[in-house]
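Structure, as structure tokens:
Residue numbers (my numbering): 859 to 978.
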């Protein structure tokens, strides 16, 4: 599983991924979330990891993700260090959830589908 993560998350995340998971840090500068999602698709990523759930409220971003086949994954925290820790702790659950959902939230001890209905 390959995921692209926002540059606001710690760079060390790329080096701490377990076997079978490739975490790539965005290195293309400050871009809108839509560009990040498209870049993830271009890199063959299954999802893009964003800091905080604000991005999930953008219905156009959800639509772009569905169009290009990239899941939106958001850390439920705005603290980059906590988000990194939560992501690493929940990678197995995330992998399972990505098989069924295209919009997910990562909490400290679990991964949940985003409750916002599709098309909102």
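Quick reminder that beta carbons are idealized off the backbone N, C-alpha and C, glycines included.
If you draw a straight line from the Cα of residue 888 to the Cα of residue 907, it is about 15 Å long.
The beta carbons of residue 930 and residue 950 sit no closer together than 8 Å. A contact is defined here as three or more CB-CB pairs under 8 Å, and the region 866 to 879 fails this definition with respect to the region 912 to 927. Put simply, of 865, 945, 895, 932 the residue whose alpha carbon is nearest the alpha carbon of residue 962 is 932. A residue is called buried when at least 16 other Cβ atoms come within 10 angstroms of its Cβ; residue 970 does not meet this threshold and is exposed. If only uninterrupted alpha helix (DSSP H) runs of at least 4 residues are considered, those enclosed by the region 912 to 946 are 917 to 926.
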